[in-house]
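Let me begin by presenting the structure, written as structure tokens, before commenting on it.
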Amino acid sequence: MSKTAMFSNHKYIAFETIVIKEVRRFSRIWLQTLVPPVITIGLYFVIFGNLVGRRIGNMGGYDYMDFIVPGLIMMSVIQNSYSNVVSSFFSHKFQRSIEELLVSPVPNYIILLGFIVGGMARGLAVGGIVTAVAILFGGLTIESPLITLSVILLTSTVFSMAGFINAIFANSFDDISIIPTFVLTPLIYLGGVFYSIQLLPPFWQTVSGLNPIFYMVNTFRYGILGSSDVDVYWAFIILSVLIAVLFTACIWLLRNGRGLRS
Amino acid sequence: MTVAIAITELRKTYANGFEALKGISLEVEQGDFFALLGPNGAGKSTTIGVISTLVNKTGGSVEVFGRNVDTHIFETKLDFGVVPQEVNFSQFERVKDIVLTQAGYYGLPRALANKRCEKYLRKLGLWEKRNDQSRSLSGGMKRRLMIARALIHEPRLLILDEPTAGVDIELRRSMWEFLTEINESGTTIILTTHYLEEAEQLCRNIAIIDKGRIVENTSMKQLLSELDSQVYIIDTSNDLTGKFEQIAGTEYELTGVTYQPVDEHCIEVTITAGVQLNSVFKIMEALDVKVLAMRNKSNRLEQLFISKLSQNQ
Ligand SMILES: Nc1ncnc2c1ncn2[C@@H]1O[C@H](COP(=O)(O)OP(=O)(O)O)[C@@H](O)[C@H]1O
Ligand SMILES: [Mg+2]
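Going down the list, the sequences are from chains A and B. The first sequence: position 177 = 177 (my numbering), numbered continuously. The second sequence: position 284 = 546 (my numbering), numbered continuously.
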């Protein structure tokens, strides 16, 4: 085998290697990665969906349980995509095993794609389990599979990259929990997971419009239920712009070696 | 002769303003076994960091087998493997997975990766440990795992940063044998060390680095020939008390030979280059001293090293 033939699909093999490594990582520590979100979301179903939800009755024209299911699935996908990349990439930095990649001939965009797909894999794995739990709690019909699937994939991509940037700037384990706690969680909770913004006064409706997660949650809900607080085209434009901006930022940071090369 | 690596006027100033490399130039030929020798903080790891792209250089250039590492990142990276000074693999991965993942980063197809993984883990005595978590390995095994990992893409040039630091004597010897073997099979080797003995035992050519400057760049042979004196320790069966103190000014005195008692049966003799050992034995004979054993005092190279460094003040 000649050297060029041997390495002709180098990039694909390298990409696949990173993805397998990422999936192996979160599967190995499944008690920390897969189980807690499922328990939390299961509790939401029981408490908000069943107990409290029965008293709430109707939200945005749907049964409260039906209303929050899409929001909770989206929440688990966002949190887990982000969390996978931020903790995996930071622990690579912390253990210095990131040097294996930096010294190797793997191009930056392949490194990035590998981690994004790793984050998506965990986001979708947890999202899938949560969906299964939701079905157990009372069934789920999907109005528009295409919109549902595309919005979940794009959202997962966005938050995988956001986690990547967080990890690049992080210098300690504290730094990888600050953003999720103080930025991500509030944005998710205020992003219409639990309520329709029609309940809010006009001023707060406008403020909610500045929260990108609001569009993602509502478009996902549109995909499942067939109605939404937002125009779905806006959501796809916002998602596309975010992906373009974040991808460029990640590549720029990798090329610069920010936090990686001295 | 092909040049494996050519470093020209390499400079590195770290973000805190510290100038770790002050313009170093080096050339290592293909097939060489080359030592970059220097005390702690001399700039050895920084030099290797620049070659392996973990350290962004401030100036200068690096060429690997004739190709500039800045413009031919992909090709040059396939040509070398690096064994870093500090452990840099994931502590939670299995030994085998660490090597196979590296193979994937270099684009090796699965079957070939498996074959080479077995080959190098066996060679480095780690095959039995292949399914263990890497954090359970001893220090020496971790080092060998990093060597196996660096060889998985069979690079033409292997660069090792202090490969035997903190490794016990026995293991150090077996690692030396292994490195000699792969050098003989054609791999160019560059290693950094602060052990003189290591450089002397293994390397054909040597550069001495200190405070970010190359203070000497020559063959090991040439360096050793610069030693202008040899020190021997001689054990005798006589009581030597007072014997050698009295010979100054007598017929037994020899120019270029000095004596330093160690204890009553042992003496240290320093002999300047050019003085025949026979003449020293003749004196011993005449003084009726029975020589039981004689050995070379091994710090002679150290003295030379220290004198090279002190010239770089
Ligand atoms: N990231 C860094 N920032 C600032 N100074 C550094 C950094 N890394 C190394 N140095 C300094 O550069 C000098 C050379 O370091 P190094 O190349 O590691 O030496 P060696 O490997 O020869 O022991 C040392 O004085 C060290 O303190
Ligand atoms: Mg060093």
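Even for Gly, the Cβ is constructed at its ideal location relative to N, Cα and C. Keep in mind the model is a prediction, meaning the values are calculated, not measured.
Paired residues, beta bridge with residue i - DSSP
| i | result |
| --- | --- |
| B:C528 | B:D497, B:D525 |
| B:S343 | A small fix is needed here, since residue 343 of chain B is Gly in this sequence, not Ser. B:L420, per the DSSP bridge assignment. |
| B:K284 | B:R273 |
| B:S584 | Outside the shown range of chain B (263 to 575) lies residue 584 of chain B, about which nothing can therefore be said. |
| B:I533 | B:Q492, B:V519 |
| B:G321 | B:R273 |
| B:D472 | B:R475 |
| B:R397 | DSSP lists no partner for B:R397. |
| B:I451 | B:F295, B:L420 |
| B:R356 | B:Q395 |
| B:E289 | B:A268 |
Same chain, Cβ closer than 6 Å to residue i, neighbours up to 5 away in sequence not counted
| i | result |
| --- | --- |
| A:V106 | A14 |
| B:R397 | Q353 |
| A:V245 | none |
| A:T4 | Confidence in A:T4 is poor, its pLDDT being 48 and thus under 50, which makes the residue's placement unreliable; the coordinate value appears in the next sentence. Within the same chain, A:T4 has no close Cβ partners at all. |
| B:A469 | L288, L298, I476, N479 |
| B:R273 | L283, G285, T320, G321, G322 |
| A:I71 | Correcting the residue identity first, residue 71 of chain A is Gly in this sequence and not Ile. So the list reads V193, V217, once near-sequence residues are dropped. |
| A:L124 | none |
| B:A304 | I471, D472 |
| B:P523 | I529 |
| A:I142 | T148, I224 |
Residue i Cβ short of 8 Å to ligand 2 heavy atom set
| i | result |
| --- | --- |
| B:D472 | no |
| B:I330 | A small fix is needed here, since residue 330 of chain B is Asn in this sequence, not Ile. Because no heavy atom of ligand 2 lies under 8 Å away, the Cβ of B:N330 does not count as near it: no. |
| A:T206 | no |
| B:T534 | no |
| B:E424 | yes |
| B:Q364 | no |
| B:Q292 | no |
| B:Q508 | no |
| B:Q347 | yes |
Cβ neighbours of residue i in the same chain (closer than 7 Å, five flanking residues each side left out)
| i | result |
| --- | --- |
| B:E281 | T275, G474 |
| B:M546 | V553 |
| A:N263 | Residue numbering for chain A in the displayed model covers 1 to 262; residue 263 of chain A lies beyond these limits and cannot be assessed. |
| A:I147 | T219, Y222, G223, V232 |
| A:L190 | S208, N211 |
| B:N445 | F295, I451 |
Close-in-space but distant-in-sequence residues of the same chain around residue i (CB under 8 Å, 5 per side omitted)
| i | result |
| --- | --- |
| B:S572 | none |
| B:F543 | V553 |
| B:I360 | F351, S352, S396, L407, R411 |
| B:G300 | K306, T454, H456, I470, I471, D472 |
| B:L370 | R378, I414, H415 |
| A:L242 | V158, P212 |
| A:F115 | I18, E22, V85, S88, F89, S160, F164 |
| B:F567 | L299, L458, I470 |
| A:W234 | Y215 |
| B:R356 | R392, N393, D394, Q395, S396 |
| B:M482 | A297, A461, E462, C465, R466, N467, I468 |
Residue i beta carbon near ligand 4 (any heavy atom closer than 8 Å)
| i | result |
| --- | --- |
| B:T454 | This structure lacks ligand 4; its bound ligands are ligand 1 and ligand 2. |
ask   = Using Cβ-Cβ distances below 9 Å, what residues of the region 79-105 of chain A are close to chain B?
value = Close to chain B, meaning a Cβ-Cβ distance shorter than 9 Å, are the following residues of the region 79-105 of chain A: S91, H92, Q95, R96, S97, I98, E99, E100, L101, L102, V103, S104, P105.
query = What residues from the region 292-318 of chain B come within 8 Å of chain A, judged by C-beta to C-beta, listed N to C?
reply = G311, S314, T315, L316, V317, N318
query = Can you list, in chain order, every residue whose CB sits closer than 6 Å to a heavy atom of ligand 1?
reply = A:S262, B:Y276, B:N278, B:F280, B:A282, B:G300, B:N302, B:G303, B:A304, B:G305, B:K306, B:S307, B:T308
ask   = Quick one, which residues of the region 387-407 of chain B are near chain A if we go by CB-CB under 8 Å, in chain order?
value = The region 387-407 of chain B vs chain A, Cβ under 8 Å: nothing.
request  = Residues of the region 517-530 of chain B with a CB closer than 9 Å to any CB of chain A: list them in chain order, please.
outcome  = none
task = Determine which residues of the region 113-124 of chain A have a Cβ less than 7 Å from any Cβ of chain E, and write them out in chain order.
result = Looking at the structure shown, chain E is missing, and the protein chains on hand are A and B.
request  = Using a Cβ-Cβ cut-off of less than 7 Å, list which residues of the region 426-440 of chain B approach chain A; keep chain order.
outcome  = none
task = With 9 Å as the C-beta to C-beta threshold (strictly closer), list the residues of the region 350-371 of chain B near chain A in chain order.
result = Cβ contacts with chain A: N350, F351, S352, Q353, F354, E355, D359, I360, L362, T363, Q364, A365, G366, Y367, Y368, G369, L370, P371.
task = Could you name the residues of the region 156-173 of chain A whose beta carbon sits closer than 9 Å to any beta carbon of chain B, in the order they occur along the chain?
result = none
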